[in-house]
Each structure stands twice: as C-alpha cells, then as structure tokens.
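Residue numbers (our numbering): 124 to 218. The structure appears right after this line, and notes come after that.
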C-alpha cells in the first residue's frame, strides 16, 4: 500500500482545513481536518476498496469521543471511547 497523493491546505506554513490521502489506485485512504497544524474534528480512514475502515474525532490532536471500527463489509466490529487521548469506558461516550 502506498499513498498516491496527499492533498493538504496550508495557511502561513501550518496545516489548515481539509486534508486527504489516497492509495496508489486513487481510492481515498483518509480524510480529516486540521486547525493550526493540529488534527481537529472528524477523521475517516478507508480500506483500499473505498469502504470505511474507522472514524473518530480529534480535539487539538488528541483522540476524543467515540471511535468506530468497521470490517470490510462496513459492519461495526469495535468501538472505543477517548477523553483527552486516553481510552476510557464506553459508557463515558453514552454507549
């Protein structure tokens, strides 16, 4: 697996806005959002087939909230809950 192309936006030399990476077959590998050079907001990562592999949220470069992991049929096979990048019990995310 290789990254075919990265699309990133910079503002004053810092990563800002939507960023994407692609597999060498040109399928989307991941997409996310950055603010002031930090991952911030939703991120989605995809299998090479284009199906969703996992998704979650970053808050100032730290994992936050519910992260969902999918098998290749896009069925949830795992969930994790994070607070300030620390793995916590799922009930902290309302599960």
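Using N, Cα and C, we set each Cβ at its ideal position, and we do this for glycine too. Predicted model only: the values in this text are computed from it and were never measured.
- Apart from sequence neighbours up to five positions away, the residues of its chain that approach residue 192 with a beta-carbon distance below 8 Å are 176, 177, 199, 200, 201, 202, 203, ordered along the chain.
- Residue range 185-193 is occupied by the beta strand (DSSP E) that includes residue 186.
- In its chain, beyond the 5 residues on either side, 137, 138 have a beta carbon closer than 7 Å to the beta carbon of residue 160.
- The beta carbon of residue 207 lies closer than 6 Å to those of 185 in the same chain, with the five residues before and after it left out.
- Of the residues 170, 174, 183, the one whose Cα lies closest to the Cα of residue 164 is 183.
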